[in-house]
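Below is one structure, written out as structure tokens, with a few remarks after it.
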Amino acid sequence: MRAAAARWVNRTLGGPQGRGAWWVQPAAVLLCVWPGAWLLVAAFTDQLGVNPAEALIRGLGLWALKFLCLTLLVTPLRQVLGWVAVARLRRTLGLATFGYAVLHLLAYAWLDMGLYLDLIVNDVIDRPFITVGMLSVLLMLPLAATSFNRAIRTLGPQRWQKLHRAVYAVAPLAILHFYWMRDGKNDYADVWLYGSVLAALLGWRVWAWRQRRP
Amino acid sequence: MPTRTLIRTSRQGFDHAVPSEITPQAMYLQRRDWLRQAALGLGGTALAGWAGREALAQQAPVQRPNKLAALTGKTSSVPGANTAEAVTAYEHASTYNNFYEFGTDKSDPARLAGKLKTRPWTVQVEGLVNKPGTFDIDALLKLSPMEERIYRMRCVEGWSMVIPWVGYSLAELIKRVEPQGSAKYVEFETLADRATMPGLRDSVLLWPYLEGLRMDEAMHPLTLLTFGMYGEVLPNQNGAPVRVMVPWKYGFKSGKSIVKIRFTEKQPNTSWNVAAPREYGFYSNVNPEVSHPRWSQATERRIGEDGLLARRRRTLMFNGYEEQVGQLYAGMDLRKFY
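Chains A and B are the protein sequences, given in the same order. Quick note on the numbering used here: the first sequence kicks off at 4 and runs consecutively. Quick note on the numbering used here: the second sequence kicks off at 160 and runs consecutively.
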């Protein structure tokens with residue numbers, strides 16, 4: 004059963020050698036863009052409720068978090084379930100995470116801060132919650148900038164991989180940002196949900212790494 | 160013209176207008192005509208849009224949503240009680256609420272408050288008063304003539320609305336129960352009914368929700384014992400059947416669905432202050448210069464104003480009621496007593 008599932012996934016998505024079904028990449032891109040496009044259209048056509056600016060900023064942030072979880076899920080799926088071909092989706096998912104984080108940041112800078120650079124700088128300095136959010140976007144910037152094949156060749160696979168481990172730091176920063184945002188409400192259900200998913204995904208890596216050591 | 164400081168702080172006290180700055184009464188009385196003329200284009204096109212908006216805001220009577228029983232009042236004569244700003248849409252004011260007894264999401268109260276039973280309802284008045292007692296809601300409704308007051312409402316979260324409330328000054332009730340000299344504070348206890356309020360299952364806050372005011376704040380004519388809004392009785396999610404409205408303080412100071420009013424000598428514990436003392440002080444006056452530890456209070460988003468891309472407005476000291484209430488805090492360090 005498990006092997007059959009893995010075979011089907013790998014055949015459809017295409018393994019390291021195979022090219023997979025033609026529609027996989029376009030479909031993945033479309034699925035990644037869909038929620039953001041919907042949010043933006045809804046925001047500009049007044050379908051996001053009473054406080055559309057807040058709904059848009061928060062919606063984009065939450066999708067960044069969801070895509071971060073999906074990105075970090077790729078390696079466990081490969082190694083635990085043998086779905087090796089999902090690796091093909093990792094770049095798309097990683098770029099989606101970055102894309103939503105940048106849109107989240109832009110929406111905040113525009114709708115909350117009126118694009119006043121001095122206000123934004125002050126806000127980043129004054130509010131740890133914003134500092135941490137900004138830091139996670141900055142950490143993702145070099146990863147997004149080196150996400151194409153030539154960058155891997157230029158950097159060399161080992162250095163490239165080392166650099167891209169920065170995503171492990173993004174996860175706790177994003178959760179801290181989310182936690183501080185929810186702090187006043189004393190309502191941490193969502194923080195717990197995403198926090199435990201990310202903790203499990205990072206925890207599994209630590210566990211797998213210790214297994215591999217002699 | 161005397162020199163005036165550009166940025167006023169609470170320590171500098173009040174700037175009173177000098178005679179030359181006071182608008183002559185005749186001109187003041189003509190202001191609407193002027194605005195109307197400007198709106199017609201005589202004042203230039205750029206001005207016309209603005210003036211038209213203002214003129215419209217001043218003329219439009221409050222529209223009844225026709226959802227609940229009518230509750231009207233005469234226009235209040237209390238200074239500051241009738242802002243001319245555009246009134247927030249009823250759909251917004253009645254669907255975007257913080258009422259944690261029904262859940263922490265802003266849409267929870269409108270969705271879940273339907274079960275709240277607002278009849279029979281009594282408000283118990285106790286503590287340091289000569290005439291304590293239990294007031295039936297129908298007796299409270301008849302206690303003093305109803306007034307309509309259009310207040311700005313500024314939430315501590317950084318958004319604001321303009322809402323036409325119906326009620327009378329809380330002072331009317333306080334005078335009737337005759338507080339003793341030792342009564343320095345008024346505590347408000349709001350309903351905590353597990354059967355009808357699903358939010359009580361989460362220990363988000365200290366239940367029942369407690370709020371409080373200093374005696375002079377409670378006696379201030381702007382402090383409204385509120386029974387209605389938009390010409391109708393309060394919807395449950397807005398604190399039916401009776402709440403207070405203190406327009407110069409952050410919204411959470413104005414308790415909803417009140418069941419008990421207690422007069423005390425010591426400053427009462429308040430739910431938010433107990434939950435996060437560093438973030439929510441007892442006073443919680445609207446103050447653009449004192450930031451919340453996690454966000455600035457310098458600006459606010461007016462709900463429903465010009466859609467998604469509307470610029471945030473500057474938050475005003477005491478939410479724009481400084482002229483009326485500033486003297487209550489003369490000499491106090493408002494950074495310390497936030």
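All C-beta atoms, glycine included, are put in the ideal place defined by N, C-alpha and C.
Through-space distance from residue j to residue i, alpha-carbon basis
i, j, result
"GLY211 of chain B", "ALA245 of chain B", "Here GLY211 of chain B scores only 47 on pLDDT, less than 50, and its place in the model should not be relied on; the value that follows carries that caveat. Distance between the alpha carbons of GLY211 of chain B and ALA245 of chain B is about 12 angstroms."
"ALA216 of chain B", "ILE462 of chain B", "In this prediction, ALA216 of chain B has a pLDDT of 48, which is less than 50 and means its spatial position is unreliable; what the coordinates show is noted afterwards. C-alpha separation (whole angstroms): 15 angstroms."
"LEU96 of chain A", "ILE178 of chain A", "18 angstroms"
"PHE496 of chain B", "ALA202 of chain A", "41 angstroms"
"GLN483 of chain B", "PRO238 of chain B", "7 angstroms"
"LEU142 of chain A", "LEU158 of chain A", "18 angstroms"
"PHE261 of chain B", "LEU384 of chain B", "22 angstroms"
"ASN478 of chain B", "PHE151 of chain A", "52 angstroms"
"SER455 of chain B", "VAL449 of chain B", "8 angstroms"
"THR149 of chain A", "ILE155 of chain A", "7 angstroms"
"GLY398 of chain B", "THR277 of chain B", "10 angstroms"
"MET476 of chain B", "LEU493 of chain B", "11 angstroms"
"ASN54 of chain A", "LEU68 of chain A", "21 angstroms"
"VAL77 of chain A", "ALA6 of chain A", "17 angstroms"
"GLY485 of chain B", "LEU381 of chain B", "12 angstroms"
"MET356 of chain B", "SER362 of chain B", "13 angstroms"
"GLU376 of chain B", "ARG335 of chain B", "17 angstroms"
"PRO175 of chain A", "LEU80 of chain A", "21 angstroms"
"ALA299 of chain B", "GLY292 of chain B", "Correcting the residue type first, residue 299 of chain B is Leu in the shown sequence and not Ala. Cα to Cα, LEU299 of chain B sits roughly 12 angstroms from GLY292 of chain B."
"ASP129 of chain A", "LEU144 of chain A", "23 angstroms"
"VAL83 of chain A", "LEU196 of chain A", "22 angstroms"
"ALA240 of chain B", "GLY414 of chain B", "19 angstroms"
"ALA435 of chain B", "LEU204 of chain A", "32 angstroms"
"VAL36 of chain A", "THR74 of chain A", "15 angstroms"
"TRP210 of chain A", "ALA56 of chain A", "41 angstroms"
Cut-off 7 angstroms between Cβ atoms - residues of its own chain near residue i, not counting five sequence neighbours on either side
i, result
"ALA112 of chain A", "LEU118, ILE123"
"GLU459 of chain B", "ARG313, GLY317, TRP318, SER319, ARG471, ARG472, THR474"
"MET184 of chain A", "PHE132"
"THR429 of chain B", "LEU369, GLU370, GLY371, PHE441"
"LYS265 of chain B", "TYR255, ASN256, ASN257"
"PRO452 of chain B", "ARG437, GLU438"
"GLN339 of chain B", "LEU287, VAL288, ASN289"
"PHE294 of chain B", "THR281, VAL282, VAL284"
Cross-strand partners of residue i (DSSP beta bridge)
i, result
"GLN283 of chain B", "B:THR293, B:LYS419"
"TYR344 of chain B", "B:ARG373, B:THR423"
"ASN225 of chain B", "Looking at the DSSP assignment, ASN225 of chain B forms no beta bridge with any residue, so it has no partner."
"LYS233 of chain B", "B:GLU306"
"GLU459 of chain B", "B:ARG472"
"ILE322 of chain B", "B:TYR310"
"VAL194 of chain A", "For VAL194 of chain A, which the question treats as bridged, DSSP gives no partner whatsoever."
"LYS274 of chain B", "According to DSSP, LYS274 of chain B bridges with nothing at all."
"SER502 of chain B", "Nothing about residue 502 of chain B can be reported from this structure: the residues present for chain B run from 160 to 497 only."
"MET404 of chain B", "B:LEU383"
"TRP454 of chain B", "B:HIS451"
"GLU391 of chain B", "B:ALA229, B:MET388"
Beta-carbon proximity list for residue i, same chain, < 8 angstroms, skipping 5 on both sides
i, result
"PHE140 of chain B", "Nothing about residue 140 of chain B can be reported from this structure: the residues present for chain B run from 160 to 497 only."
"ALA24 of chain A", "THR15, LEU16, GLY17"
"GLY39 of chain A", "LEU63, TRP66, GLY102, TYR103, LEU106"
"PRO400 of chain B", "THR277, ARG278, TRP280, ILE296, PHE386, VAL392, LEU393, SER416"
"LYS425 of chain B", "LYS343, TYR344"
"HIS251 of chain B", "MET320, ILE462, GLY463"
Supposed close pair residue i, residue j - CB separation, criterion 8 angstroms
i, j, result
"THR254 of chain B", "ALA269 of chain B", "4 angstroms"
"SER139 of chain A", "HIS180 of chain A", "7 angstroms"
"ALA110 of chain A", "LEU33 of chain A", "The pair is not a contact, with the Cβ atoms about 22 angstroms apart (cut-off 8 angstroms)."
"VAL325 of chain B", "LEU230 of chain B", "5 angstroms"
"THR242 of chain B", "VAL321 of chain B", "6 angstroms"
"LEU146 of chain A", "VAL170 of chain A", "6 angstroms"
"PHE70 of chain A", "ALA99 of chain A", "5 angstroms"
"GLU306 of chain B", "GLY232 of chain B", "4 angstroms"
Own chain, CB closer than 6 angstroms to residue i, minus 5 neighbours either side, in chain order
i, result
"GLY198 of chain A", "ILE178"
"ASN395 of chain B", "ALA272, LEU275"
"VAL27 of chain A", "LEU16"
"TRP163 of chain A", "ILE155"
"LEU365 of chain B", "SER430, VAL433"
"VAL194 of chain A", "PHE181, TYR182, ARG185"
"ALA45 of chain A", "LEU51"
"SER328 of chain B", "PRO380"
beta-carbon residue i near the ligand MG non-hydrogen atom, thresh 7 angstroms
i, result
"PRO145 of chain A", "Because no ligand of any kind appears in the structure shown, any question about the ligand MG cannot be addressed here."
| Cβ pair count under 8 angstroms reaching 3, the region 342-350 of chain B against the region 370-383 of chain B | Counting Cβ pairs under 8 angstroms, three or more are found: they touch.
| message | I want to know whether the region 87-94 of chain A touches the region 50-63 of chain A - three or more CB-CB distances under 8 angstroms. | response | Segments in contact, no.
| Does the pairing of the region 399-419 of chain B with the region 294-312 of chain B give three or more beta-carbon distances under 8 angstroms? | With a cut-off of 8 angstroms, the region 294-312 of chain B and the region 399-419 of chain B count as touching, because enough Cβ pairs lie within range.
| Cβ-based contacts, 9 angstroms cut-off: residues of the region 463-482 of chain B near chain E | No chain E appears in this structure, whose protein chains are A and B.
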